[in-house]
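S.K.: Quick one: this structure, given as structure tokens, is what I'll be asking you about.
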Amino acid sequence: MAWWSDVGVWIMMTMTIISFVQAEDSNRFFDFRVTYGNITLFKTDPPRRVILINEKFPGPELHLVTNDNLIINVHNDLDEPFLLSWNGLHLKRNSYQDGVYGTTCPIPPRKNYTYAFNVGDQVGTYFYFPSLGFQKADGGFGAIRILSRPGIPVPFPQPAGDFTLLIGDWYFWDEKKLKARLDGGRMIPRPYDVLVNGNGKSASTSLTVEKGKTYRFRILNVGFHRSLNFEILGHMLKLVEVEGTYTVQSMYPSVDIHVGQSLSVLVTMDQPPDNYSIMVGSRFLDGQSNYKLFLNYTNPNSKRSKVVPHKEPDNEIDYSIEQARSIKTNLTASGQRHNAQGSYHYGRVKISRTLILESSAGVVNRKQRYGLNGVSFVPADTPLKLADYFKIKGVYKVGSIPDKPGKKGMRLETAVMEVHHKDFLEIVLQNREKMVQTYHLDGHNFWVVGIGNRWSNWSHASRREYNLKDAISRSTTQVFPKSWTAVYVALDNVGMWNFRTEIWANQYLGQQFYVRVYSPANSTRDEYPLPKNALLCGRASNRHRRDFVP
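Quick look at the structure:
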């Protein structure tokens, strides 16, 4: 571990701040080497260039425990800069480690950087991914599994097995070709097909189970555009966890997982011993793509069971809306859960501010752009968080995105919204598009209090429909076509945090902004200092760090 001598002192100082009660065995060290590789995903296609981590596609799965200190040394062996971000992980008081360009300088080619942060009181299923440009389209992603500490009860018996399925749509073109097309002002084609754990439909993939036992399936949509549906023919799925929140344990014949989302289901093997199909299919699109893998019982019958897919209502959108509304927080579950402003009664907290964020699209300078409230995000030459730290003027302008949509056309801006630490926001997401949108806020969870019907607009009267008792708490929510979703969020995490669509082409073309959660106290109780090993770039390249206070 040659890198330890370079950053060991900094890591120990950082761990002193972020984990003053942790034992030494709570430090989890990983070494990631990021390289290119060529693999054949579909038998009829030529090999495709991908991003490998430690020669794996997808990358290694990280197994952690609540309150672990995660320390990852990332070696960038690509020919371009690289950043890893952590979808759904709440980096408390530590947006410097968020791994998006608004907060962190990229790792230059042939260089390395060590991330170090505490995973906090989280449990559940998350993933990491490359956040720069369109690199996610080449791979570089992997699952993160966080278990409860011993002695913390889990609201279901220990399953006999635990399977992780990284699902997502996939492009035939590589990242550089996709990016060049978007930079040229043209749209990219629809994704080519669906992958599961890096395998195309030509691969024969199977999972082995025993009759009578119950297994956990962690399902993560790491794709770019398509909502996907997961079904095990002949078996019911018991939903138990959504992005770190234990849910009311409802049964479903299939579940929808929208882009950027993750969930866990329990499945009891209660059918005649046989081989059953697991179906992963795209939703709400003509010319749907599907992936099939196999669930194999041990000692199957010699005679095959006849099982047909569950027949859903003719309108997939209505079915999906009703399913989304039925997902609720399990209020009887013990253990870690997000506790806004010291009270779990989120419905009783006074709203500080209401934001109505409307998706928009337009042509600016003869190029296709996407935005929110008429503002299309343009990356600055310096990470915004570093501009804050070094007090560099002119990198961005606070208040450059309005709280509500206006009537003016689209404009380009390095959009930053300032909010105060401990604010409690109501955010209404209005989708004018004919496709499902998903939105994510780094560093926070939010309560999904309302989901509109098809072809509906939000109004003040819509609040009468809100769930103010047991709404699900998550970091990524869907907004159905020509509809709305309302969330409550407690801004209890100081820093510069990315709010974005997870539809990656739209995100790349500007459908994002940053939320600056500000506290005048300037105290390490609210936010950790700039890491001593932080990379500096842009107008911060030649700046000197202020004293590092352990």
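According to the working numbering, the sequence shown is numbered sequentially starting from 16.
Don't be surprised by glycine CBs; every beta carbon is placed ideally from N, CA and C.
(1) Using only the alpha-carbon positions, how far apart do leucine 506 and asparagine 513 sit?
(2) Valine 172: which of Tyr312, Pro287, Ala348 sits nearest, CA to CA?
(3) Is alanine 501 near glutamate 441, with beta carbons less than 9 Å apart?
(4) Would you mind giving the Cβ-Cβ distance between aspartate 541 and valine 509, rounded to the nearest angstrom? I have them listed as a contact below 8 Å.
(5) For glycine 117 versus tyrosine 141, is the C-beta distance shorter than 9 Å?
(6) Assuming the contact rule is C-beta atoms closer than 8 Å, asparagine 311 and leucine 222 should be a hit. Round their C-beta distance to whole Å, please.
(7) Just to check my reading of the structure: glutamate 517 and valine 274 have Cβ atoms closer than 8 Å, yes? What is that Cβ distance to the nearest angstrom?
(8) List the whole-angstrom C-beta distance separating arginine 554 from aspartate 396, where the pair is believed to meet the contact cut-off of C-beta under 8 Å.
(9) From this set, Arg241, Ile247, Asn345, which residue's C-alpha is nearest valine 257's C-alpha?
(10) Pull up the distance between the alpha-carbon of phenylalanine 187 and that of alanine 430, whole angstroms please.
(11) Using 9 Å as the threshold, is the C-beta distance between tryptophan 519 and phenylalanine 178 below it?
(12) Report the CB separation of serine 163 from valine 115 in whole angstroms; it is logged as a contact under 8 Å.
(13) Determine the burial state of valine 413: buried for a count of at least 16 other Cβ atoms within 10 Å of its Cβ, exposed for fewer.
(14) Taking its Cβ as the centre, do 16 or more other Cβ atoms sit within 10 Å of glycine 166, making it buried, or is it exposed?
(15) Could you work out which residue in Asn521, His78, Asp92 is closest to isoleucine 86 when comparing CA atoms only?
(16) With distances taken from CA atoms, which of Val49, Pro174, Gly465 is nearest isoleucine 336?
(17) Taking the alpha carbon of histidine 475 as the reference point, which residue from Arg515, Gln264, Ile234, Leu370 has its own alpha carbon closest?
(18) Can you tell me whether isoleucine 336 is helix, strand or coil according to DSSP?
(19) Is it the case that the Cβ atoms of glycine 157 and proline 75 are separated by a distance below 9 Å?
(20) Give me the Cα-Cα distance between leucine 197 and lysine 437, rounded to the nearest whole angstrom.
(21) Express the C-alpha separation of isoleucine 66 and threonine 81 in angstroms, rounding to a whole number.
(22) Give me whichever residues DSSP pairs with alanine 501 in a beta bridge.
(23) In terms of DSSP beta bridges, what is serine 374 paired with?
(24) Nearest to lysine 419 by alpha carbon, out of Lys400, Glu428, Asn388?
(25) Near threonine 283, which residues of its chain fall below 7 Å by C-beta distance, leaving aside the five closest residues on each side in sequence?
(26) In angstroms with no decimal places, state the Cα-to-Cα distance between proline 61 and asparagine 468.
(27) For serine 391 and leucine 444, which I take to be in contact (beta-carbon distance under 8 Å), what is that distance rounded to the nearest angstrom?
(28) Starting from tyrosine 523, follow the alpha helix (DSSP H) in both directions and report where the run begins and ends.
(29) Can you tell me whether DSSP reads phenylalanine 405 as helix, strand or coil?
(30) Could you tell me which uninterrupted alpha helix (DSSP H) segments, each at least 4 residues in length, are contained entirely in the segment 186-241, listed from first to last along the chain?
(31) Using the Cα positions of proline 121 and glutamate 480, report the straight-line distance between them to the nearest angstrom.
(32) Which ranges would you report for the beta strand (DSSP E) in the segment 65-101 if only whole runs of at least 3 residues count?
(33) Distance, Cα to Cα, glycine 215 vs valine 209?
(34) In three-state terms, what does DSSP make of histidine 273?
(35) Quick check on DSSP: helix, strand or coil for tyrosine 533?
(36) Tell me which residues share the same chain as methionine 425 and place their Cβ nearer than 7 Å to its Cβ, disregarding the 5 neighbours each side in the sequence.
M.R.: Working from what's here:
(1) Answer to the nearest angstrom: the Cα atoms are 13 Å apart.
(2) Per the sequence presented here, residue 172 reads as proline, with valine not at that position. Nearest C-alpha to proline 172: Ala348.
(3) In contact: alanine 501 and glutamate 441 (Cβ atoms closer than 9 Å).
(4) About 5 Å; that satisfies the 8 Å criterion.
(5) In this structure, the beta-carbon distance from glycine 117 to tyrosine 141 does not fall below 9 Å.
(6) Asparagine 311 to leucine 222, Cβ: 7 Å. Contact.
(7) Right, the Cβ-Cβ distance comes to about 4 Å (below 8 Å), so this counts as a contact.
(8) Right, the Cβ-Cβ distance comes to about 6 Å (below 8 Å), so this counts as a contact.
(9) Valine 257 has its Cα closest to that of Asn345, out of Arg241, Ile247, Asn345.
(10) In a straight line, the C-alpha of phenylalanine 187 is about 32 Å away from that of alanine 430.
(11) Taking C-beta atoms as the reference points, tryptophan 519 and phenylalanine 178 fail to come closer than 9 Å.
(12) In fact, because the Cβ distance is near 28 Å, the residues do not count as touching under 8 Å.
(13) Per the 10 Å Cβ criterion, exposed.
(14) Glycine 166 should be labelled exposed.
(15) The candidate whose alpha carbon is nearest that of isoleucine 86 is His78.
(16) For isoleucine 336, the nearest C-alpha among the options comes from Gly465.
(17) Relative to histidine 475, the option among Arg515, Gln264, Ile234, Leu370 whose CA is nearest is Leu370.
(18) Of the three classes helix, strand and coil, the one that applies to isoleucine 336 here is helix, per DSSP.
(19) One thing to note: glycine 157 has its Cβ within 9 Å of the Cβ of proline 75.
(20) Rounded to the nearest angstrom, the two C-alpha atoms are 38 Å apart.
(21) Inter-residue distance for threonine 81 and isoleucine 66 is about 29 Å (C-alpha atoms, whole angstroms).
(22) According to DSSP, alanine 501 bridges with Val443, Gly465.
(23) DSSP, once it has assigned bridges, lists Leu387 as partnering serine 374.
(24) Of the candidates Lys400, Glu428, Asn388, the residue whose Cα lies closest to the Cα of lysine 419 is Asn388.
(25) Result list for threonine 283: Thr229, in chain order.
(26) Approximately 44 Å between the Cα atoms of the pair.
(27) Contact check for serine 391 and leucine 444: beta-carbon distance about 17 Å, past the 8 Å limit, so the pair fails to qualify.
(28) Here the alpha helix (DSSP H) through tyrosine 523 covers 519-523.
(29) Note: phenylalanine 405 maps to helix in three-state DSSP.
(30) Counting only runs of 4 or more, we get 190-198.
(31) Proline 121 and glutamate 480: Cα-Cα distance of roughly 43 Å.
(32) Runs found: 77-80, 84-91.
(33) Answer to the nearest angstrom: the Cα atoms are 7 Å apart.
(34) Correct three-state label for histidine 273: coil.
(35) DSSP places tyrosine 533 within a strand segment (E or B) once states are collapsed to three.
(36) Excluding sequence neighbours, methionine 425 sits near Ser375, Gly377, Val379, Arg384, Gly386, Gly389, Ser391.
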